[in-house]
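Participant:
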Amino acid sequence: MIEAGECEGAGWRRSGPEARAVLTRLSVAAVIVAGALWLAWDRLGGLDLSEIGRLLRAAPAEGVLAALVLTAVSHAAVACYDPVALRRVGLDVPFRRALAGGFSATTLGQALGFGLLVGAAARWRLYRRDGVGPGAAAAVTGLVAAGFFTGTAVLLCAMALLHPAPLARLGGFAEPSVSAAGAAALALCAALLIRRGRARRTITLGGMRLSAPDWRWVALCAVLAGVDLGAAAGALWALTPVEAAPPFATLFVVYVGALLLGQASGAPGGIGAFEAALLVGLPDAPAEALIAAAIAYRAVYLAPPSLLAGWIVVRARPAAPATAGGPPPAALRGAARCARPERELAFLGDKRFHVSPDSEAFLMFGARGRDRVLMGDPYGPREAWGPLVDRFAERCRREGARLSVYKAEDAAFWAGRGLRLQPLGEEASVDVAGFDLKASSRRELRRKIGQARKAGVTILRHAPGAAPLPRLAAVARMWREAKAGREMTFSMGWFDVAFLSRHAVFEARRGEETLGFLSVWASGDGSEHMIDLMRLVPGGPHGVMHALTAAAIEAAGAAGAARFNLCMAPLSGLERIAPVTPLSRVGAAICGRTAAGRGLQGLRRFKEAFRPDWRPRYLVAAGPLSGALALLAVRGLVNREPPEIDVEGLQAAQAFLDADALADAPAAAAPAAAMRVAAA
Numbered sequence: 004m005i006e007a008g009e010c011e012g013a014g015w016r017r018s019g020p021e022a023r024a025v026l027t028r029l030s031v032a033a034v035i036v037a038g039a040l041w042l043a044w045d046r047l048g049g050l051d052l053s054e055i056g057r058l059l060r061a062a063p064a065e066g067v068l069a070a071l072v073l074t075a076v077s078h079a080a081v082a083c084y085d086p087v088a089l090r091r092v093g094l095d096v097p098f099r100r101a102l103a104g105g106f107s108a109t110t111l112g113q114a115l116g117f118g119l120l121v122g123a124a125a126r127w128r129l130y131r132r133d134g135v136g137p138g139a140a141a142a143v144t145g146l147v148a149a150g151f152f153t154g155t156a157v158l159l160c161a162m163a164l165l166h167p168a169p170l171a172r173l174g175g176f177a178e179p180s181v182s183a184a185g186a187a188a189l190a191l192c193a194a195l196l197i198r199r200g201r202a203r204r205t206i207t208l209g210g211m212r213l214s215a216p217d218w219r220w221v222a223l224c225a226v227l228a229g230v231d232l233g234a235a236a237g238a239l240w241a242l243t244p245v246e247a248a249p250p251f252a253t254l255f256v257v258y259v260g261a262l263l264l265g266q267a268s269g270a271p272g273g274i275g276a277f278e279a280a281l282l283v284g285l286p287d288a289p290a291e292a293l294i295a296a297a298i299a300y301r302a303v304y305l306a307p308p309s310l311l312a313g314w315i316v317v318r319a320r321p322a323a324p325a326t327a328g329g330p331p332p333a334a335l336r337g338a339a340r341c342a343r344p345e346r347e348l349a350f351l352g353d354k355r356f357h358v359s360p361d362s363e364a365f366l367m368f369g370a371r372g373r374d375r376v377l378m379g380d381p382y383g384p385r386e387a388w389g390p391l392v393d394r395f396a397e398r399c400r401r402e403g404a405r406l407s408v409y410k411a412e413d414a415a416f417w418a419g420r421g422l423r424l425q426p427l428g429e430e431a432s433v434d435v436a437g438f439d440l441k442a443s444s445r446r447e448l449r450r451k452i453g454q455a456r457k458a459g460v461t462i463l464r465h466a467p468g469a470a471p472l473p474r475l476a477a478v479a480r481m482w483r484e485a486k487a488g489r490e491m492t493f494s495m496g497w498f499d500v501a502f503l504s505r506h507a508v509f510e511a512r513r514g515e516e517t518l519g520f521l522s523v524w525a526s527g528d529g530s531e532h533m534i535d536l537m538r539l540v541p542g543g544p545h546g547v548m549h550a551l552t553a554a555a556i557e558a559a560g561a562a563g564a565a566r567f568n569l570c571m572a573p574l575s576g577l578e579r580i581a582p583v584t585p586l587s588r589v590g591a592a593i594c595g596r597t598a599a600g601r602g603l604q605g606l607r608r609f610k611e612a613f614r615p616d617w618r619p620r621y622l623v624a625a626g627p628l629s630g631a632l633a634l635l636a637v638r639g640l641v642n643r644e645p646p647e648i649d650v651e652g653l654q655a656a657q658a659f660l661d662a663d664a665l666a667d668a669p670a671a672a673a674p675a676a677a678m679r680v681a682a683a
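Residues in the sequence shown are numbered consecutively from 4, following our numbering.
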């Protein structure tokens with residue numbers, strides 16, 4: 004699940020410390036290449052290019068075949084670094100994909116240069132479907148590099164102790180001195196590992212905490228480095244003309260030094276620095292033979308694996324949204340018993356889920372860029388919230404994602420986790436038992452319902468799955484066209500046949516004309532009902548939505564519900580909801596002084612007609628900046644492109660299934676006395 008959009012502002016125009024860092028890195032690379040070429044200049048000056056060509060053409064087939072086999076062995080070892088690193092940082096990536104990622108990222112990093120950057124980008128692309136963010140990909144790349152260099156260092160120290168001749172000859176030291184240095188380095192390494200084992204220290208890498216290296220990790224890295232470098236050096240040795248080939252132990256030491264120098268230079272394939280190091284490290288071998296071997300080595304060891312690695316990375320695709328077909332069965336189990344009607348948002352098909360191990364509680368969230376926006380408080384038993392949120396927060400931290408919550412209610416719970424609260428508005432909720440249209444406080448509501456009654460409006464209730472969808476679709480399309488094609492989702496429903504069929508629908512008619520409708524969610528235990536879709540035809544009579552809502556509240560009471568939720572009035576009450584932040588003051592000003600704000604005030608007045616109780620709703624984030632970014636993410640999640648409303652298709656389908664369905668729709672409805680505005 005690594006998201007796109009992490010490289011905003013990338014390009015050549017950089018400033019400040021970032022620009023200086025880039026220039027420093029390029030300068031160091033240039034100095035390394037120039038220094039290596041200067042040291043080897045006396046051998047490069049007299050190269051016979053025709054001799055190099057002849058040696059390449061004369062390369063024996065058995066040598067090329069051996070190099071190919073050794074190349075496969077080396078890259079197999081390279082691929083194993085990633086599973087080790089991923090397991091160490093606790094990232095759950097399938098083993099086969101981890102092998103492909105280790106091979107591809109390391110191979111491309113070596114071939115293209117600047118291995119840490121290239122490797123991190125390749126891992127980001129390959130592992131994003133597994134929830135690995137850019138920061139985590141960079142951390143894995145750093146850990147792989149640390150493992151390689153640790154294993155290489157241990158390998159060279161062991162070689163200095165057990166076979167000091169090549170290192171002594173290359174460095175001009177006495178063999179006993181080289182052996183003593185190797186023994187001392189290995190002893191120091193062992194002492195550090197023993198001390199670490201007692202201290203149980205942790206380190207932080209890329210925002211992720213992991214235990215400090217232990218002897219098992221060091222030993223595994225040394226084995227992988229030995230197989231990787233031994234096979235790679237063997238490939239070069241197999242491609243070196245027999246008359247120029249030094250002893251393998253000598254070539255191995257020189258090869259490791261040349262490889263490290265080439266990687267430090269940052270040049271593609273270490274070109275220039277690698278060849279210069281071979282010439283300096285093997286002064287007795289003919290220069291033409293070494294250059295020919297280096298060219299053949301690149302053609303065998305680098306070119307084919309790089310093409311394969313590039314193909315793997317290019318083909319990598321992000322995973323399809325986990326919720327395309329609705330919530331997973333584990334989330335369904337929690338939703339079935341949930342005492343909040345917002346559980347229905349799980350069935351919109353636009354969310355992902357994080358479920359407790361016992362499947363009793365779950366979180367639903369939307370992902371946009373690096374933001375993971377929870378839709379409301381956790382769903383399930385209150386005692387399960389803490390562990391569930393903590394696990395999800397840890398998951399976000401590993402992925403390099405930002406955690407936020409939209410429309411949170413339990414302020415104390417989120418504040419107790421060190422997160423900041425930003426009021427969004429107030430949610431209206433009606434006490435169904437105390438709802439009485441005759442009460443003096445609801446005089447305005449009676450007036451609105453009376454306007455609808457005088458216009459001849461009748462309210463019909465349709466059970467879930469029984470609503471006349473073609474009629475509703477026509478209203479929804481007219482409503483959407485009047486709104487310039489805009490419809491919202493994520494925190495509310497949109498017109499979707501499958502989703503709407505889950506809910507009771509209240510329809511307003513005047514004769515055979517459908518003027519509007521209202522859909523209602525119910526909690527799993529039936530204790531609370533909640534408004535969802537509110538759709539009216541443009542230019543209809545006044546009071547239609549008031550009549551629909553009053554009928555829905557009375558139906559909720561008849562069904563045994565205790566509360567009826569009228570949803571949130573955005574930006575409402577910000578001046579009195581603690582904490583009153585600068586953003587709250589801005590929101591209050593928008594609500595009071597702009598055209599959009601006047602529309603929100605009208606929504607507040609509509610809800611006030613039912614004399615509800617008001618409860619604050621919050622945006623929860625780590626801080627002000629994270630909160631602002633979360634609001635942008637919510638805007639993107641809410642304003643997704645809605646599906647087309649196929650009125651004609653619904654009409655044809657319903658007529659095909661039941662030719663009398665449209666004609667019988669009024670009789671199929673349930674216009675009980677409590678459902679008719681005439682009774683108000």
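Here a beta-carbon is modelled for each residue, glycine too, at the ideal position from N, C-alpha and C.
1) At the level of alpha carbons, what is the spacing between Trp497 and Leu536?
2) Quick check on this structure: which residue in Ala225, Gly122 and Gly150 has the alpha carbon closest to the alpha carbon of Ser309?
3) What is the rounded straight-line gap between the Cα of Leu632 and the Cα of Leu119?
4) Could I get the ranges of all uninterrupted beta strand (DSSP E) runs contained in the stretch 418 to 496, with 3 residues as the minimum, in chain order?
5) Starting from the C-beta of Ala202, find all residues in its chain whose C-beta is less than 7 Å away, skip the five residues before and the five after it, and write them out in chain order.
6) On a Cα-Cα basis, can you pick out the residue from Pro244, Leu281, Pro250 and Phe251 that is closest to Gly265?
7) Measure from the C-beta of Val81 to each C-beta in chain D and report whether the shortest distance is under 8 Å.
8) Span of the alpha helix (DSSP H) holding His357?
9) Report all residues from its chain with a CB closer than 7 Å to the CB of Arg607; omit the five preceding and five following residues, and keep chain order.
10) Helix, strand or coil: which one does DSSP assign to Ser180?
11) I'd like to confirm the pairing. Which residues does DSSP put opposite Tyr382 in its beta bridges?
12) With burial defined as no fewer than 16 other Cβ atoms inside 10 Å of the residue's Cβ, what is the status of Trp617: buried or exposed?
13) Phe438 to Ser522, Cα distance in whole Å?
14) Is the stretch 94 to 106 touching the stretch 130 to 149 in the sense that three or more CB pairs, one from each, lie closer than 8 Å?
15) Whose CA, out of Ala485, Ala404 and Trp314, lies closest to the CA of Ala139?
16) Take Ala61 as the anchor and find which of Glu515, Ala292 and Leu640 has the nearest alpha-carbon.
17) Please specify which runs of the alpha helix (DSSP H), each continuous and at least 4 residues long, are wholly inside the stretch 535 to 583, giving them in chain order.
18) Out of Gly543, Gly542, Arg538 and Gly563, point me to the one whose CA is closest to Thr552's CA.
19) With respect to the alpha helix (DSSP H) encompassing Glu278, which residues constitute its N-terminal and C-terminal limits?
20) Spatial neighbours of Phe117 within its chain, please: C-beta separation below 7 Å, excluding the five flanking residues on both sides.
21) Count the C-beta pairs between the stretch 141 to 151 and the stretch 79 to 90 that are closer than 8 Å, then say yes if the count reaches three, no if not.
22) Excluding the 5 residues flanking Ala342 on each side, which residues of the same chain have their C-beta closer than 8 Å to its C-beta?
23) Between the stretch 413 to 425 and the stretch 623 to 631, are three or more C-beta pairs nearer than 8 Å?
24) Give the secondary structure of Arg371 by DSSP, where H, G and I count as helix, E and B as strand, and everything else as coil.
25) Taking just the CA atoms, how far does Ser407 sit from Ala190?
26) Let me make sure I understand the geometry here. Which of Ala442, Gly154, Met378 and Arg398 has the alpha-carbon closest to that of Asp95?
27) Name the one or two DSSP bridge partners that Phe509 has.
28) Straight-line CA distance for Ala415 to Gly453?
29) In three-state DSSP terms, what is Ser526?
30) Which class does Ser504 belong to by DSSP, given the choice of helix, strand or coil?
31) Under a three-way DSSP split, which group does Asp393 fall into?
32) Using the beta-carbon count (16 or more within 10 Å), is Val259 buried or exposed?
33) Quickly, what does DSSP pair Ala624 with across the bridge? List them, please.
34) Cα separation between Leu463 and Glu510?
35) Tell me which residue opens and which closes the beta strand (DSSP E) that Ala411 is part of.
36) Just to confirm, are Trp218 and Leu254 a CB contact at a threshold of 8 Å?
Facilitator: So, from the listed chains and residues:
1) Counting from one through the sequence shown, the residue named residue 497 turns up at place 494. Counting from one through the sequence shown, the residue named residue 536 turns up at place 533. Whole-angstrom Cα-Cα distance: 7 Å.
2) In the sequence shown, counting from the first residue as 1, residue 309 sits at position 306. It is Gly122.
3) Looking up residue 632 in the sequence shown gives position 629. Looking up residue 119 in the sequence shown gives position 116. One C-alpha to the other measures close to 28 Å.
4) 423 to 434 and 461 to 465
5) Sequence index remark: in the sequence shown, residue 202 carries index 199 (1-based). Confidence is the limiting factor: at Ala202 the pLDDT is only 49, short of 50, which leaves the residue's position unreliable, though a coordinate-based value still follows. Excluding sequence neighbours, Ala202 sits near nothing in its chain.
6) Counted from its first residue, the sequence shown places residue 265 at position 262. The candidate whose alpha carbon is nearest that of Gly265 is Leu281.
7) Among the chains in the structure shown there is no chain D, since it carries only a single protein chain.
8) What you label residue 357 is simply residue 354 of the sequence shown in a count that begins at 1. Here His357 belongs to no alpha helix (DSSP H); instead the beta strand (DSSP E) covers Arg355 to Val358.
9) Locating residue 607 in the sequence shown gives position 604, counting from the first residue. Same-chain partners within the cutoff: Ala572 and Ser575.
10) Here residue 180 corresponds to residue number 177 of the sequence shown, with the count starting at 1. DSSP places Ser180 in helix when its eight states are reduced to three.
11) Locating residue 382 in the sequence shown gives position 379, where the first residue counts as 1. DSSP lists Phe365 as partners of Tyr382.
12) Against the sequence shown, residue 617 aligns to sequence position 614. Buried is the call here.
13) As a first step, residue 438 is located in the sequence shown; it is residue number 435 there, counting from the start. As a first step, residue 522 is located in the sequence shown; it is residue number 519 there, counting from the start. The alpha-carbon atoms of Phe438 and Ser522 are separated by roughly 20 Å.
14) yes
15) As a first step, residue 139 must be located in the sequence shown, where it is residue number 136. The shortest C-alpha separation from Ala139 is found at Ala404.
16) Here the question's residue 61 lines up with position 58 in the sequence shown. Of Glu515, Ala292 and Leu640, the residue nearest in Cα terms is Ala292.
17) 547 to 561
18) Numbered from its first residue, the sequence shown carries residue 552 at position 549. Answer by Cα proximity: Arg538.
19) Locating residue 278 in the sequence shown gives position 275, where the first residue counts as 1. Glu278 -> alpha helix (DSSP H) spans Ala276 to Gly284.
20) Counting from 1 along the sequence shown, the entry for residue 117 is found at position 114. Excluding sequence neighbours, Phe117 sits near Gly269.
21) yes
22) The count along the sequence shown starts at 1 and reaches residue 342 at position 339. Answer for Ala342: Ser526, Gly527, Asp528, Ser530 and Glu531, listed in chain order.
23) yes
24) The residue labelled residue 371 in the question sits at position 368 within the sequence shown. Three-state result, Arg371: strand.
25) Translated into positions along the sequence shown, residue 190 becomes position 187. Translated into positions along the sequence shown, residue 407 becomes position 404. The alpha-carbon atoms of Ala190 and Ser407 are separated by roughly 49 Å.
26) For the purposes of this step, residue 95 is taken as the residue at position 92 of the sequence shown. Residue Arg398 is the option with its Cα nearest to Asp95.
27) To locate residue 509, count along the sequence shown from 1; it is residue 506. Phe509 is bridged to Arg464 and Leu521.
28) Indexing the sequence shown from 1 puts residue 415 at position 412. Indexing the sequence shown from 1 puts residue 453 at position 450. Each residue's alpha carbon lies about 43 Å from the other.
29) Within the sequence shown, the letter at position 523 stands for residue 526. Ser526 falls in the coil class under three-state DSSP.
30) For the purposes of this step, residue 504 is identified with residue 501 of the sequence shown, where counting begins at 1. The answer is coil: DSSP assigns Ser504 none of H, G, I, E or B.
31) Translated into positions along the sequence shown, residue 393 becomes position 390. DSSP places Asp393 in helix when its eight states are reduced to three.
32) Here residue 259 corresponds to residue number 256 of the sequence shown, with the count starting at 1. Answer is buried; the Cβ neighbour count reaches 16.
33) Start at 1 with the first residue of the sequence shown, and residue 624 comes out as number 621. Ala624 is bridged to Arg423.
34) Taking the sequence shown and counting its residues from 1, the one referred to as residue 463 is at position 460. Taking the sequence shown and counting its residues from 1, the one referred to as residue 510 is at position 507. Approximately 5 Å between the Cα atoms of the pair.
35) What you label residue 411 is simply residue 408 of the sequence shown in a count that begins at 1. Its beta strand (DSSP E) spans residues Arg405 to Ala411.
36) On the sequence shown, position 215 is the one that residue 218 refers to. On the sequence shown, position 251 is the one that residue 254 refers to. In this structure, Leu254 does not lie closer than 8 Å to Trp218 by Cβ.
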